[in-house]
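Asks: Protein chains in written order, with the numbering used here: chain U, 3 to 260; chain L, -18 to 621; chain F, 9 to 265.
All C-beta atoms in this analysis are idealised placements derived from N, C-alpha and C, irrespective of residue type, glycine included.
Shown below is the structure under consideration.
Next comes the structure, spelled out in structure tokens:
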């Protein structure tokens, strides 16, 4: 049955714009139901701030069922907060205790500039996908869907990595601000499937090099895997590394043929 | 403006109409396509697929989304699957059968020609998505797997675990991303449509507001596609995402596009009930749970014992009692209403007494915990994460919630609204689902519209406009719309009242849910129509938006959306009031059989109600498009 | 690294430039990206691992007595002699090791700079690491300690520079260089022995993360052996640390010397 948490001390990062200097702002949440989700707790806070004629805290959120990847937040030093394999929107207040101090920060990376308060711009992820995270198959003229059988194990492995919701927790959690897990998940999804073979090495080279323009490098801490709300394994990073090495030779051969 | 609703259905037999149309449609030569600019608003399944395909063809495409990335659109949250008449299982499926099931599921309130086309192109969708790398579930032999879904007697639903919507959206997003990378699409993110501009009777473009810096800008184009989703968030608590809204469609409506069948909204029976008053949205649990779960409430409204201690004799298995043949698998609307009546009678369960039990203890005793876990493990986990209770030990609590809206902008066979040059695709239009949508059909419709319908039909409109100038954004109509939009948003800030937009959203949602939700009555609707204008007036006087219009201001965004929900809400109630029959998701308590089944009135209401904006949503004008059933005979749905 | 500056307005044509990009020679091209630099770190790492391993094995000769160790040192100097002049092969090895160390350090340095740029503003609150081990988070420190130790170690025992180790150069009874005596001379000094032990523990943590990490960096990933990667890393690092640390302890305990 529902209980109420009392006197939560919130320390929330406020920043008026990308170039502005930010600071922590302290708030007290006198009472909140433990059934409330973390974002609903922030909704209540914001409602109160509007009541006091103050600016509500800006944060990204949308589906609130853990699939759209819009929500973010570094909660007490953990991306998406203390519950594993859970995005912030599905984190519930029952994970906290009365009197807890909760520190909330935005994702921090030079590729994710802060727009306002806790909201960051994750467009760099889109740039990576635009550079090669697709299979070039124009609409119309696709062959029958069952023409190429795909072993169940392959389809399952592709699906494991295709689950990525693009939230950016991997970058936020990585001590180096690297996006290897995000990039590798998409590369693994497409490179494992037979349909993805034609562009396999072109895709890998392009995506890795676009990633390189924005993000740090992987030093195999494994923090990304621990933070990932979809529990995508860092095994995909190894696959990406292997394909990147091969791409450097295969793409040259291909060019020499043209 | 006089409204003519010409559905432009091609002549010929139902099987030939789409082919006939494609053969007769005017074409734009490949080299000329780049002379045309098309605006796509929304980047969900319908928007992303339409934009990508039109860009592949060579049109200049501008795409707008209010999200940070096109991949966030709410199509992503669909769980179950996507229907297609592939007949891979050899169980007798066919295009005609899918067509028939969809019309019947929609309670005979959809347009035959559109639905048949949807069934025809459904097979292409699967081919297309597989070639784009969507990892659909496979059998061990490597062939695609199918599951069955409500309203069908064949297995025709393709799925990717419980995340079919996500995988399809990411597929369409990837195609869009490719075109952005190639320079064929210009992508505007965090940019919201705030007005639609019509000049000399045709849609000339849109006005947008940059959510990051508040800049209001005009965009002119040869054609505009609205792929902006549904309006289920009018209920406040729904399974829609927080940002889902009606604003784009509503602005089109205010500029002359008729809004069709707003009262057709679908309620999903198995959602997790609201757990505390601050809750902002509801989460849907797959309907498949009802295969093994039993729905019950205690007979005594004052029951305080935990579920497991309530003796068998004091439980009321409502669905098994009321619908003995279908039992716990009774259709969505019937089960939803049964749950609502139990809760209304004070027998609801849970701390807020707002749900019914969905009990798996019998299934666990009969099949063993392992089998139940194998079938529903991920759903049980999801339930536990949200509700904090372990469904293996105590029954789940469920309650119906709004999750899809069949109504939307009226469109003809070409998906064009009654404003030339303005198209609507996906959930934003009204065309394919009639009064009720079948499971796994929303994804199908979004992709059908975007990949296989719009790219053909839009050429038919654009071809005659070749080399003719279109009004630019310096046209006075654009300037006027920009000023109006700026004034509108400044206006919200200037009210300086006492209540937040969320407060008004909750209030308007409560009224709509109570009177225009699962069960509607004349009395209730009239009450809603008297309460809504009063509340709307309060909104206009007592709204408080802090901050300014020149920077990221989520309260301001919300204010604009709630404003439009008010107006839509009034129209919904009008529509529900005037439709004096029960059909699909629209259930009027006055029109039901003794067993509580919906009673249609085909004599008087076998038509689409398309509403014309007059400036006051309570005084909109109702137009009719008669529905002619040539291939199918009208029949009564029966679940006995 | 491109700083993502927030510009408003449409995005388009983001992937076009790459197609026209000029290609550099293969290895330089590969080294141009972070993933490529990790390859270099992993490959040079393997070379250095080999050295560390055989260095430790060779030094175990210490326990067989003065003559054995000195003979072994002499053998190394005469490797491939008389095909090559005396010490030539030794210098080729040294050159190779130096090149690997330089590349390893350069890659590490440039990646560190890149990673600092990737998060110019640190988290303002405490991070709560979930799985990142002490070893992985201290690689750059343990690396620096190992580097300083190597410099000291070379000056101490290889070159016997000036006052650091006055014993170096002394011959034994057989007329060979008394490496055994030099080691004993050095490690009998307690501060040196302590430094030696600490540096080898740093080396151990560096090796532990390095060995497990190189599987990932080189893309050697297979469900069949993935579960062994941590065990291999632990075993390798332990063997090196136990072997190396035994030397100063043996000297101080009087077993050697």
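1) Cutting at 6 Å between CB atoms, please list the residues of its own chain near residue 404/L, excluding the five before and the five after it.
2) At the level of alpha carbons, what is the spacing between residue 133/L and residue 105/L?
3) Report the residues of the segment 159 to 189 of chain L with a CB closer than 7 Å to any CB of chain F, ordered along the chain.
4) On the CB-based measure, 16 or more other CB atoms within 10 Å of its CB, does residue 32/U come out buried or exposed?
5) Using the Cα positions of residue 480/L and residue 235/U, report the straight-line distance between them to the nearest angstrom.
6) Check whether the Cβ of residue 220/U lies closer than 8 Å to any Cβ atom in chain F.
7) Taking 8 Å as the threshold (beta carbon to beta carbon), is residue 100/L in contact with chain U?
8) For the pair the segment 214 to 228 of chain F and the segment 56 to 76 of chain F, tell me if three or more CB-CB distances fall below 8 Å.
9) With a cut-off of 8 Å on the beta carbons, I'd call residue 206/U and residue 245/U a contact; round off their distance for me.
10) Ends of the alpha helix (DSSP H) at residue 75/F?
11) If you measure from the beta carbon of residue 110/U to each beta carbon in chain F, is any gap under 8 Å?
12) Nearest CA to the CA of residue 153/U: which residue from 131/L, 260/L and 121/L?
13) Is residue 199/U close to chain L, meaning its C-beta is less than 8 Å from at least one C-beta of that chain?
14) Following the continuous alpha helix (DSSP H) through residue 275/L, name the residue where it begins and the one where it ends.
15) State the Cα-Cα distance for the pair residue 42/L and residue 442/L, rounded to the nearest angstrom.
16) Suppose you measure from the CA of residue 204/U to the CA of residue 37/F; what does that come to, to the nearest Å?
17) Cutting at 8 Å between CB atoms, please list the residues of its own chain near residue 458/L, excluding the five before and the five after it.
18) Does the distance from the C-beta atom of residue 558/L to that of residue 587/L stay below 8 Å?
19) Note down, in chain order, all residues in the segment 97 to 126 of chain U with a beta-carbon under 8 Å from any beta-carbon belonging to chain F.
20) To the nearest angstrom, how far is it from the Cα of residue 227/L to the Cα of residue 209/L?
21) Run through DSSP, which three-state label would residue 32/U get?
22) Would you say residue 103/F faces chain L, with C-beta separation under 8 Å as the test?
23) Report yes or no: is there a C-beta of chain L within less than 8 Å of the C-beta of residue 52/F?
24) Check the C-beta distance from residue 540/L over to residue 563/L and give it rounded, since I have them as a contact under 8 Å.
25) For the segment 103 to 133 of chain L, which residues have a CB atom closer than 9 Å to at least one CB atom of chain U, in sequence order?
26) Mind reading off the beta-carbon distance from residue 107/L to residue 65/L? Whole number of angstroms is fine, and I expect it under 8 Å.
27) Along the segment 158 to 179 of chain U, what residues have a CB closer than 8 Å to any CB found in chain F?
28) Where do the N-terminal and C-terminal ends of the beta strand (DSSP E) with residue 373/L fall, by residue?
29) Taking all protein chains shown into account, decide if residue 62/U is buried (16 or more other Cβ within 10 angstroms of its Cβ) or exposed.
30) When you check each C-beta in the segment 193 to 207 of chain L against every C-beta of chain F, which residues fall closer than 7 Å?
31) Compute the beta-carbon to beta-carbon distance between residue 145/L and residue 62/L, rounded to the nearest angstrom, for a pair I have assumed lies under 8 Å.
32) Determine, for residue 133/F, whether the minimum Cβ-Cβ distance to residues of chain U falls below 8 Å.
33) Could you compute how far the alpha carbon of residue 329/L sits from the alpha carbon of residue 299/L?
34) What is the rounded straight-line gap between the Cα of residue 344/L and the Cα of residue 222/L?
35) Below 9 Å on C-beta distance, what does residue 244/U contact in chain F?
36) Could you please give the first and the last residue of the uninterrupted beta strand (DSSP E) stretch that includes residue 168/F?
Replies: If we stick to the structure as given:
1) 206, 396 and 397
2) 20 Å
3) 161, 162, 163, 164, 166, 167, 168 and 169
4) exposed
5) 46 Å
6) yes
7) no
8) yes
9) 4 Å
10) 74 to 85
11) yes
12) 121/L
13) no
14) No alpha helix (DSSP H) holds residue 275/L; the beta strand (DSSP E) holding it covers 275 to 279.
15) 16 Å
16) 15 Å
17) 178, 179, 180, 185 and 452
18) no
19) 105, 107, 110, 111, 112, 113, 114, 115, 117, 123, 125 and 126
20) 8 Å
21) strand
22) no
23) no
24) Not quite, the Cβ-Cβ distance comes to about 35 Å (not below 8 Å), so this is no contact.
25) 104, 105, 107, 108, 109, 110, 111, 112, 113, 114, 115, 116, 117, 118, 119, 120, 121, 122, 123, 124, 125 and 126
26) 5 Å
27) 175, 177, 178 and 179
28) Unbroken run through residue 373/L: none, as it is neither H nor E.
29) buried
30) 193 and 194
31) 5 Å
32) yes
33) 12 Å
34) 33 Å
35) 226, 227, 228 and 229
36) Note, residue 168/F: premise wrong, no beta strand (DSSP E); not H, not E.
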